[in-house]
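Novice: The listed protein sequences derive, respectively, from chains E and F.
This note's numbering puts the first residue of the first sequence at 29, with every later residue one more than the last.
This note's numbering puts the first residue of the second sequence at 142, with every later residue one more than the last.
First the structure, then my questions, so here it is.
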Amino acid sequence: MLTASSDNQLRWLSITLFGLVVALSLLPCLRLLSEALSHWDRGLDAPLLSILQNPHTWVALQNSLYTSGLGTLISVVLGSGFAFVLTLTNIRYRALWIFCFMLPMMIPPQVTALSWLQLFGPASPILNTLGIAPALGSPQPMYSAEGIALLLGIQHAPLVFLALRSQLICLPKDLIEAAQLSGASQWRLWIDMIVPLSRNAIFAGAAIAFVSALGNFGIPAMLGIPAGYSVLPTLIYQQMAGFGNDVLSEVASLSMLIAFLVLIGMLLQQWIQQRSSYSLIGHNAQPASFRLGKWRIPTQILLCAVLCLILIAPLAALMISSVVPALGMPLTADTFTFAAYNEMVNNQGSTARAFTNSLLLASLAALLLMIITLPLGYRLMRLSLKARAVIASLIEVPYAIPGIVLAIAFILLFSRPIPIINVTLYGTLTLIFLAYLSCFLSVCLKPVMSALSQLDPALEEAAQIAGATPIQRLINIVLPLISPAVFAGGLLVFLIAVNELTVSALLWSAGNETLGVLIFNLDESGDSILASAISVLVVVLVASLMALLSLLAPRLPKGVIPWHC
Amino acid sequence: MALLTLNQINKSFNGQNAVSDLNLSIEPGAFVALLGPSGCGKSTTLRMLAGFEKVSSGSIFHGDRCLSNATTHVAPENRDFGMVFQSYALWPHMSVMENIAYPLTIKRVDRATKQKRIQEALAIVQLEPYADRSPAELSGGQRQRVALARSLVTEPEVILLDEPLANLDRHLRATMEETFRTFHKRTGATMVYVTHDQSEAMSLADQIAVLKNGQLIQWASPQSLYQQPRTAWLADFIGRGSVIRMQPSDELQPGRKVEQSLIHQQLILPHIPSQGVDVLIRPQSVCLHPSLGISAKVTQCIYRGGHFDVELSLPSGQTLLAYHDTPLAVGETLFATVQEGWSLEPDHV
């Protein structure tokens, strides 16, 4: 009867969603684990042990730790510097500074690497144009461990920025004023109030940055492979090209190694975060703000200079590279040409295909995830806090682990044809699509959960009293009220998926390349001009989508758009 | 219209008892108030009636229909009740008319009947010109009236109200109380009204259930509660008065009216008895006189707008509250006579 139908609806919803979460989030991890721990009967020849005995592994591990560590240091300096200035002072155009600083985080790593490559070396078009290019034959300074570390640092500085900023924003004005009234000097204010509050946030941000740097593929791939400098993700990538019975198992073991390191980093970050949760939520007071006075102009100049170095110069180099006929040529009125862009638009070859593939994959993934996360979030809200936390963490895993590791897991799952329907997904676009679904589920779910948790429960209860079944409530009441958050989630997924390189680097095959893979391949094969042109378009796309999200931000619950406060 | 009964209801959350052994029988068409301090279990009881919480044990019946017991539970969407929430719970993406129409839309009522019912509902709460506005454009009182209109539009037998006036200012509350009274007369529905404000409960309800720590202290009419409260705590909670401890005797049993002679015998005793029976004396029963009665000293005299609250200190040291028209000096000695009192049971909870 009516009673049964309400409960039934909820039960079917739960089963479907639970099945989805298991398939997308749990299966890949379990498969990876089982493969890594396989073949124990072979004793010392077991894949896991042979990997641990291989000196390459240890070199790559050392390199990973070095570049990630150095990169994290750079991220901390940049990120905290910007966070202090942009949060605690009354600097003007704050939103603009924040937008520009967050841009490197959203620009895909391969584009970042490519743009910096165009900035240095004898073949650099911008240096040639300015007449300051080094002599032919001098080395490309970016092809080094320090080059990798620098870019990792810049790419992940916004993560430290966000972690610190969210803590500093909670510092209410009257706390500072109370300290000033007690006679504290500027110096003591910093030592006694601000540093203790920020210390833990900086550590937490550093942990996230370190973990992201460990799993980053695009930057060490573009900068390290040509120099023969390998880190763990690129080692896996290169091993996949190798032969032998145990390639998959060995690669799975390597993946587990990275996953293990990442897990430790994440646990460390969570532990630090819990220790420092100053409960200042709901504080209505204005955030603290120091008046810069005569320091305002110099500070703005400083920020501008830093942004020029880390953002504008590389982008300028990229743009110049895209309009010269060939590498090494200076840009003059004669050499200026749109040939690269023409080729992109008119050529029916791999470029157009890659664009189509990426746009298709990203839009379909965004659409499907939007449809899935609404009922999923709705169902999760009805669970106890503990159960919800466990399932949310589970869903988070495919996004948190390095893309390389996820790709390996999917290869393992689908290397053989699916039973019963006898369809092989390996090497198809569908496999990349499924991997995207698994990877980005949490990206779409977070804004939805955030919006759902801020919804007054009485709104739904009133609909229940009026006689509405769970599906009716979901469509009539919940969906209209949280649709901005659902849309934002979809947009975020689209933004990240369209530029994705790491997962598709291992899953692509001829005809199925994505935009990220295309840029990477073009650079590897020496066609940096075309790669630059595509990258310029990518940057324009990223900046426009970020701007669109910023416009949407006032209608969204706080925290959905990371760079908007 | 059917009887609404709660039988031996128990509800616990994580081992903590929110409601214990609650028995209530609500007549059809009655206006019942669930009254008590925060945490007494009144909202939990209302939510169990609505179906948002399951009962841990016991049963809820509406006529012959079992709404909730240890094994079955009818979901809120199937109970055909109306409810007014403390936060009004108006859907912000719908207009006033769409908010009110929603229960009828869900029940697939035909358009003609739906329009008629909506217009009637708007007329009862006097919000016809606001039909196309959005809830964000309305004041608190207006939103409350929309919530009220929405709750009656399906003509339910039972309407539940969860502290509906808590978010309104004092002046508005008085107006809204009148609205509720008219509303109840007009619809004839059974209304279950949760509040922590005893004056609200007294002015609106036919029967009041007073809850404390999850247990029912007393289930009576407002007058009975005021004049004949069961326990000392209740005497303190409802209205104003003095609770005087008196020496036990055969005539002094709990739950009885205490005559003037006995009261006067006890009031002149010089000490507070270590064990005894508590007796409630309402200030209306106390008369002050310059020479007749029991000697008492004025310890406080506070103006309350219209009369003065006078606190008197008795020979035993206990305090007696009285009303007086003119101010009295602190320290002045007066004489007081008490008409009657009511003896109280000791508190168990």
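All residues carry an ideal CB built from backbone N, CA and C; glycine is no exception.
According to DSSP, is GLU495(F) helix, strand or coil?
Specialist: Residue coverage of chain F in this structure runs from 142 to 490, which leaves residue 495(F) outside it and unanswerable.
Novice: Start and end of the beta strand (DSSP E) containing GLN482(E)?
Specialist: Along the first sequence, read from residue 1 onward, the residue named residue 482(E) stands at position 454. Unbroken run through GLN482(E): none, as it is neither H nor E.
Novice: Mapping the DSSP letters down to three states, classify ARG206(F) as helix, strand or coil.
Specialist: Residue 206(F) sits at position 65 when you count from the first residue of the second sequence. Note: ARG206(F) maps to strand in three-state DSSP.
Novice: Could you work out which residue in PHE172(F), GLY170(F) and PRO487(F) is closest to PRO358(F) when comparing CA atoms only?
Specialist: For the purposes of this step, residue 358(F) is identified with residue 217 of the second sequence, where counting begins at 1. It should be noted that the sequence gives Ile, not Pro, for residue 358(F). Per the Cα distances, PRO487(F).
Novice: At a cut of 8 Å, does the segment 557-575 of chain E reach the segment 95-106 of chain E through at least three beta carbon pairs?
Specialist: Touching, no.
Novice: So with Cβ pairs under 7 Å, would you call LEU487(E) a contact of chain F?
Specialist: Here the question's residue 487(E) lines up with position 459 in the first sequence. True, the Cβ-Cβ gap to chain F drops below 7 Å.
Novice: Mapping the DSSP letters down to three states, classify ILE197(E) as helix, strand or coil.
Specialist: The residue given as residue 197(E) occupies position 169 in the first sequence. DSSP places ILE197(E) in coil when its eight states are reduced to three.
Novice: Name the one or two DSSP bridge partners that SER213(E) has.
Specialist: Reading the first sequence from its first residue, position 185 is the one you call residue 213(E). Paired residue(s): none; SER213(E) is not in a bridge.
Novice: Which partner residues of TYR265(E) appear in the DSSP bridge assignment?
Specialist: The residue you call residue 265(E) lines up with position 237 of the first sequence. Note: TYR265(E) sits in no beta bridge, so no partner.
Novice: Among residues of its own chain, excluding the 5 on either side of GLY310(E), which ones have a beta-carbon nearer than 8 Å to its beta-carbon?
Specialist: The sequence position of residue 310(E) within the first sequence is 282, counting from 1. Bear in mind that a pLDDT of 48 at GLY310(E), under 50, signals an unreliable position, so the number given afterwards is only what the model happens to contain. Result list for GLY310(E): empty, nothing under 8 Å.
Novice: Under 6 Å Cβ to Cβ from LEU308(E), same chain only, skipping five residues before and after it: list those, please.
Specialist: Within the first sequence, residue 308(E) is the residue found at index 280, counting from 1. Confidence is the limiting factor: at LEU308(E) the pLDDT is only 49, short of 50, which leaves the residue's position unreliable and the question unanswerable from this model.
Novice: So what's VAL225(F) in DSSP terms, helix, strand or just coil?
Specialist: Working through the second sequence from its first residue, we reach residue 225(F) at position 84. In this structure, VAL225(F) counts as strand in the three-state DSSP scheme.
Novice: In three-state DSSP terms, what is PHE449(F)?
Specialist: Numbered from its first residue, the second sequence carries residue 449(F) at position 308. Of the three classes helix, strand and coil, the one that applies to PHE449(F) here is strand, per DSSP.
Novice: Who pairs with ASN158(F) in a beta bridge, going by DSSP?
Specialist: If you number the second sequence from 1, residue 158(F) lands on position 17. Its beta-bridge partners are SER153(F).
Novice: How about PHE252(E) and ILE182(E): do their beta carbons lie closer than 7 Å?
Specialist: Taking the first residue of the first sequence as position 1, residue 252(E) is located at position 224. Taking the first residue of the first sequence as position 1, residue 182(E) is located at position 154. First, the amino acid is wrong: residue 252(E) is Gly here, not Phe. For GLY252(E) and ILE182(E), no; Cβs fall outside 7 Å.
Novice: Locate the beta strand (DSSP E) running through HIS325(F), then write down its first and last residues.
Specialist: In the second sequence, residue 325(F) corresponds to position 184, counting from 1. That residue, HIS325(F), is in no beta strand (DSSP E); its alpha helix (DSSP H) goes 311-328.
Novice: In three-state DSSP terms, what is ALA538(E)?
Specialist: Residue mapping note: residue 538(E) aligns to position 510 of the first sequence, counting from 1. Correct three-state label for ALA538(E): coil.
Novice: Straight-line CA distance for THR467(F) to GLN407(F)?
Specialist: Numbered from its first residue, the second sequence carries residue 467(F) at position 326. Numbered from its first residue, the second sequence carries residue 407(F) at position 266. Rounded to the nearest angstrom, the two C-alpha atoms are 28 Å apart.
Novice: Contact defined as beta carbons within less than 8 Å: I believe ILE348(E) pairs with THR140(E). What is the distance between those atoms, to the nearest angstrom?
Specialist: Here residue 348(E) refers to the residue found at position 320 of the first sequence. Here residue 140(E) refers to the residue found at position 112 of the first sequence. About 16 Å; that fails the 8 Å criterion.
Novice: Taking buried to mean at least 16 other C-beta atoms within 10 Å of its own C-beta, is SER466(E) buried or exposed?
Specialist: If you number the first sequence from 1, residue 466(E) lands on position 438. Buried, because 16 or more other Cβ atoms sit within 10 Å of the Cβ of SER466(E).
Novice: Give a yes or no on whether 7 Å exceeds the smallest Cβ distance from HIS203(F) to chain E.
Specialist: Here the question's residue 203(F) lines up with position 62 in the second sequence. So, not an interface residue.
Novice: Excluding the five sequence neighbours on either side, which residues of its own chain have a C-beta within less than 7 Å of the C-beta of VAL113(E), listed in chain order?
Specialist: As a working mapping, residue 113(E) is identified with position 85 in the first sequence. Around VAL113(E): ILE119, THR327 and LEU331.
Novice: List the DSSP bridge partners of GLY482(F).
Specialist: Within the second sequence, residue 482(F) is the residue found at index 341, counting from 1. Looking at the DSSP assignment, GLY482(F) forms a beta bridge with VAL399(F).
Novice: Measuring only between beta-carbons, confirm whether ILE247(F) sits less than 7 Å from chain E.
Specialist: What you label residue 247(F) is simply residue 106 of the second sequence in a count that begins at 1. Judged by the 7 Å Cβ criterion, ILE247(F) is in contact with chain E.
Novice: Counting C-beta neighbours from all protein chains within 10 Å, is the total for ASP303(F) 16 or more, i.e. buried, or is it exposed?
Specialist: Numbered from its first residue, the second sequence carries residue 303(F) at position 162. ASP303(F) should be labelled buried.
Novice: Determine contact between the segment 275-291 of chain F and the segment 303-314 of chain F, defined as no fewer than three beta-carbon pairs at a distance below 8 Å.
Specialist: Yes: the two stretches touch, three or more of their Cβ pairs being nearer than 8 Å.
Novice: Would the segment 227-238 of chain E and the segment 179-196 of chain E be scored as touching if the rule is three or more Cβ pairs under 8 Å?
Specialist: They touch, by the three-pair rule.
Novice: Contact check, ALA533(E) vs PHE245(E) under 8 Å by CB: the rounded distance?
Specialist: Reading the first sequence from its first residue, position 505 is the one you call residue 533(E). Reading the first sequence from its first residue, position 217 is the one you call residue 245(E). Between PHE245(E) and ALA533(E) the Cβ distance is about 6 Å, and since that is below 8 Å, they are a contact.
Novice: Does the structure place the segment 183-201 of chain F close enough to the segment 153-170 of chain F that three or more beta carbon pairs sit under 8 Å?
Specialist: Result yes; three or more Cβ-Cβ pairs closer than 8 Å.
Novice: Rounded to the nearest angstrom, what separates GLN339(F) and ALA350(F) at their Cα positions?
Specialist: Taking the first residue of the second sequence as position 1, residue 339(F) is located at position 198. Taking the first residue of the second sequence as position 1, residue 350(F) is located at position 209. GLN339(F) and ALA350(F): Cα-Cα distance of roughly 11 Å.
Novice: Provide the residue span of the alpha helix (DSSP H) that contains ILE399(E), from first to last.
Specialist: The count along the first sequence starts at 1 and reaches residue 399(E) at position 371. From DSSP, the alpha helix (DSSP H) with ILE399(E) extends over 378-409.
Novice: Would a C-beta distance cut-off of 7 Å place GLN138(E) and MET250(E) closer than the cut-off?
Specialist: Within the first sequence, numbered from 1, the residue matching residue 138(E) stands at position 110. Within the first sequence, numbered from 1, the residue matching residue 250(E) stands at position 222. Result yes, Cβ atoms of GLN138(E) and MET250(E) sit closer than 7 Å.
Novice: Whose Cβ in chain F lies nearer than 7 Å to the Cβ of THR497(E)?
Specialist: Numbered from its first residue, the first sequence carries residue 497(E) at position 469. Going along chain F in sequence order, the residues near THR497(E) (Cβ under 7 Å) are GLU218.
Novice: Our contact map puts SER484(F) next to VAL418(F) with C-beta atoms below 8 Å; I'd like the distance itself, whole angstroms only.
Specialist: Along the second sequence, one-based indexing puts residue 484(F) at 343. Along the second sequence, one-based indexing puts residue 418(F) at 277. With 8 Å as the limit, SER484(F) and VAL418(F) qualify as a contact, their Cβ atoms being about 5 Å apart.
Novice: Residues in its own chain within less than 6 Å of ASN82(E) by CB, not counting five upstream and five downstream?
Specialist: The sequence position of residue 82(E) within the first sequence is 54, counting from 1. Here the set comprises nothing.
Novice: With a cut-off of 7 Å, does the C-beta of PRO582(E) fall near any C-beta of chain F?
Specialist: The residue labelled residue 582(E) in the question sits at position 554 within the first sequence. Chain F contact via Cβ: absent.
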